[in-house]
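Counting in this note's numbering, the final residue of the sequence shown is number 299, and the numbers go up one at a time with none missing. By construction, the Cβ of each residue, glycine as well, lies at the ideal position given by its N, Cα and C atoms. For clarity, every value in this text was computed on a predicted model and none was experimentally measured. Here's the structure, in structure tokens; my notes come after.
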Amino acid sequence: MRYRLPLPELMLLAVAMVWGCSYGVAKMALLYYPVLGFLALRFGITFVLLLPSLRHFRQPAVKNAIRVGLPLGGILLAIFLCETFGLSKTSATNAAFLISLCVVFTPWFEWQILKKSPDVGVWIAAAVALLGAALIGSNLNMAFNLGDGLMVAAAVLRALMMVETKRRCTQSPPDMLALTAVQSGVLALGCLVLAVLSDDLPALPQSMTFWGGTLFLVLLCTLFAFFAQNYAIARSSPSRAAVLLGSEPLFGALFAVMYLGEAFNAQLLIGGGLIVLASLTAVLQPWAGRRWRVALL
């Protein structure tokens with residue numbers, strides 16, 4: 003007997019994989035270019051690639067994408083500023099694990115904003131994830147630095163983002179590619195303005211390592227991930243999506259250990275394993291009244 007996972011769940015797991023790897027890639031890129039300029043470049047390229055999706059701006063779905071994408075882009079701007087500045091001041095492993103705390107915050111935001119109490123299974127999975135995060139925190143001796151604090155703030159904002167995406171995209175379904183374009187444009191413009199105001203926009207680096215990492219982030223961690231996340235959240239519950247994305251730390255830790263040489267001990271392994279367990283529970287349990295198709299082998 004086997005489960006055929008619905009497309010939204012598969013897409014969210016793929017997003018977790020590429021986002022988990024993104025912390026190590028972004029950390030390497032930040033060795034060559036400052037945070038604000040790097041974000042402006044990353045999302046500016048994404049916006050240019052997606053600009054054709056806005057050409058039919060009179061169509062209702064594209065109009066909705068513009069209307070919804072502007073406020074959601076503002077939240078994303080705050081998320082990426084916290085994430086990227088936080089990543090520059092902490093390890094890629096810590097960043098990947100701490101951002102997964104959004105799995106704890108999302109059910110609360112869903113309850114408060116959507117007035118919908120998540121299923122008990124979601125709360126159990128969130129509790130398991132919180133236990134894993136507590137183990138990770140104790141491994142750090144609770145001596146969180148500024149980078150760790152910024153990653154926790156990014157986790158709170160991610161939770162808010164998921165719930166707001168669900169609320170706004172359910173009311174008036176937007177064109178998902180156009181929505182991703184608008185969000186990327188808001189991010190690029192916001193970071194560019196901040197970089198100019200702070201006089202932190204040097205000449206672009208020539209390193210192939212930098213450009214290879216940037217293209218990876220643009221194509222997989224932005225173009226694919228933004229589209230997939232918007233598509234999946236509109237068709238699932240925010241809390242379920244958060245739990246599925248909670249498998250992100252596993253991939254982040256593996257990448258950091260294999261390619262960046264960061265330390266990885268038993269305590270981090272157990273804490274990360276609990277977070278991943280919560281994600282697998284979200285996939286395998288028929289929560290929220292969703293019918294799962296079961297096929298005989």
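Counting along the chain, the unbroken alpha helix (DSSP H) around N66 starts and ends at 62 to 89. Rounded to the nearest whole angstrom, the C-alpha separation of L276 and L133 is 7 angstroms.
Shown here, S200 sits in coil according to DSSP, grouped into three states, outside any helix or strand.
Along the stretch 121 to 190, the alpha helix (DSSP H) occurs as fully enclosed runs of 4 or more residues at 122 to 141, 148 to 173, listed in sequence order. With the rule of 3 Cβ pairs closer than 8 angstroms, the stretch 147 to 165 counts as touching the stretch 97 to 116. Residue state for A28 is assigned as helix, using DSSP reduced to three classes. The continuous alpha helix (DSSP H) containing L43 extends over residues 37 to 52. A straight-line Cα-Cα distance of about 7 angstroms links V37 and F87. With three or more CB-CB distances shorter than 8 angstroms, the stretch 39 to 58 counts as touching the stretch 190 to 205. Between the stretch 207 to 214 and the stretch 77 to 93 there are fewer than three inter-stretch CB-CB distances shorter than 8 angstroms, so the stretches are not counted as touching.
Bounds of the alpha helix (DSSP H) holding F111 are 104 to 115. Scanning its chain for C-beta atoms nearer than 8 angstroms, with the 5 sequence neighbours on each side dropped, one finds around A63 the residues P175, P176, D177, A180, in chain order.
Distance from L137 to Q269 at the Cβ level is roughly 6 angstroms; contact confirmed, criterion being Cβ atoms closer than 8 angstroms. Contact between L15 and L225 does not hold, since the beta-carbon distance rounds to 18 angstroms and is not under 8 angstroms. P204 sits exposed, since fewer than 16 C-beta atoms from the chains shown fall within 10 Å of its C-beta. In summary, D202 is exposed, with fewer than 16 beta-carbon neighbours lying within 10 Å of its beta-carbon over all protein chains present.
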